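Student: Below is a structure I'd like to ask you about.
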Amino acid sequence: MSFSIVTDTSANLPVDFVRENDITVIPFSFYINGEENTCTDTAGFDGKKYYDMIRAGQAVTTSQITPARYTEYIEPILQKGNDVLFISLSSGVSGAFSSSRIAFRELSEKYPERNISSIDSLGASLGEGLLAFYAVEDRNAGKSLEETAAHLNAIVPPMNQLFTVDDLKYLRMSGRISGATAVIGSVLNIKPILIGSDEGKIVSFDKVRGRKKAVKELARLYEQRVVDAGEQIVGISHADCEEEAKALEAMIREIAEPRKIITVCHEPATGSHVGPGMLGLYFIGKERS
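So the sequence shown is residues 3 to 291, counted in the numbering used here.
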């Protein structure tokens, strides 16, 4: 193995993929009614139970990864003589990437013979996680750390991240939209279409009336934006709305069949900010925003 691949739980990677490819996953902490929880992969994550708790009004908060935790997970890899490719949650929605840089500067001084390459995904969930899939393919093909990092950095700008939510109140609570917008949206059954911006932030793109139209709009945007679908890995994440995720997958396959589709239940840390019913679509397109 020429280098080790490291990411965080917000990458939303399937547990089998993580284990088969020896990927290190650094956990974000999330708190349910003040009690700390962490999960390094999705093996112990019950998405339905988690999102039902949020629906029931239980308080969920999150905290970013500290430099000390990055060191805890990365240093043993360096001690074994491996270089590191690290893929981070977007710097546009979290301070975690900055925390990682603090830790990596100290580790680089301590292990000057080792290389640590950091990728700011400017994404979350599979907008971040798909980079790990491409990294594994590059590593398996014999590409170097430098070649793989260059490839991932080239993928970041056109990585489309499109999603809709079922209830705007969670975006309001996380400061993404105004209270007035949330109230009006709920009364009128308005469903937003949101995107990951060029700066890695969550921004409003469009809005439609009704959930079914929102799901169809995600598929329409895929048709409009996707590039070389047959060569791509496409990601779908859902916050306990599996049937709609399956419907979206069927639409995607009918429009332009990708070589692989990865569907996951949205992980807990960033899932608490978008809320139950979030449905996301991730692919390489003509433009990000």
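Using N, Cα and C, we set each Cβ at its ideal position, and we do this for glycine too.
Quantities reported herein were computed from a predicted structural model and do not represent experimental measurements.
Apart from the five residues on each side of it in sequence, which residues of its chain come closer than 6 Å, Cβ to Cβ, to Asn23?
Tutor: Indexing the sequence shown from 1 puts residue 23 at position 21. So the list reads Val138, once near-sequence residues are dropped.
Student: Please report how far the alpha carbon of Ala151 lies from the alpha carbon of Val86, in whole angstroms.
Tutor: Here residue 151 is taken as the residue at index 149 of the sequence shown, counted from 1. Here residue 86 is taken as the residue at index 84 of the sequence shown, counted from 1. Each residue's alpha carbon lies about 10 Å from the other.
Student: In chain order, which alpha helix (DSSP H) runs of at least 4 residues are fully inside the segment 43-92?
Tutor: 49-57 and 69-81, all fully within the segment 43-92.
Student: Below 8 Å, can you find three or more Cβ-Cβ pairs linking the segment 55-65 to the segment 260-275?
Tutor: Cβ pair count under 8 Å is three or more, so yes.
Student: Look at the alpha carbon of Ala126 and the alpha carbon of Ser120, and state the distance between them as a whole number of angstroms.
Tutor: Start at 1 with the first residue of the sequence shown, and residue 126 comes out as number 124. Start at 1 with the first residue of the sequence shown, and residue 120 comes out as number 118. C-alpha separation (whole angstroms): 15 Å.
Student: Over the uninterrupted beta strand (DSSP E) stretch that includes Gly198, give me the two end residues.
Tutor: The sequence position of residue 198 within the sequence shown is 196, counting from 1. Gly198 -> beta strand (DSSP E) spans Ile192 to Gly198.
Student: Would you report the Cα separation of Cys41 and Ile34, rounded to the nearest angstrom?
Tutor: If you number the sequence shown from 1, residue 41 lands on position 39. If you number the sequence shown from 1, residue 34 lands on position 32. Using only the alpha carbons, I get a separation of about 13 Å.
Student: Output the boundary residues of the beta strand (DSSP E) element that contains Val8.
Tutor: Within the sequence shown, numbered from 1, the residue matching residue 8 stands at position 6. Element bounds for Val8: Phe5 to Asp10.
Student: Per DSSP, what kind of secondary structure is Ile263 in: helix, strand or coil?
Tutor: Within the sequence shown, residue 263 is the residue found at index 261, counting from 1. Here Ile263 sits in strand by DSSP.
Student: Going by C-alpha distance, which of Ser102, Arg71 and Leu164 is nearest Gln226?
Tutor: Reading the sequence shown from its first residue, position 224 is the one you call residue 226. For Gln226, the nearest C-alpha among the options comes from Leu164.
Student: Would you mind reading off the limits of the alpha helix (DSSP H) that contains Phe99?
Tutor: Against the sequence shown, residue 99 aligns to sequence position 97. Ala98 to Lys112 is the span of the alpha helix (DSSP H), which, as asked, contains Phe99.
Student: Whose CA, out of Asn14, Leu80, Pro159 and Thr68, lies closest to the CA of Gly202?
Tutor: Taking the sequence shown and counting its residues from 1, the one referred to as residue 202 is at position 200. Here the closest residue by C-alpha is Pro159.
Student: Thinking C-alpha only, which one of Asp168, Val205, Ile7 and Leu147 is nearest Ile76?
Tutor: The count along the sequence shown starts at 1 and reaches residue 76 at position 74. Residue Ile7 is the option with its Cα nearest to Ile76.
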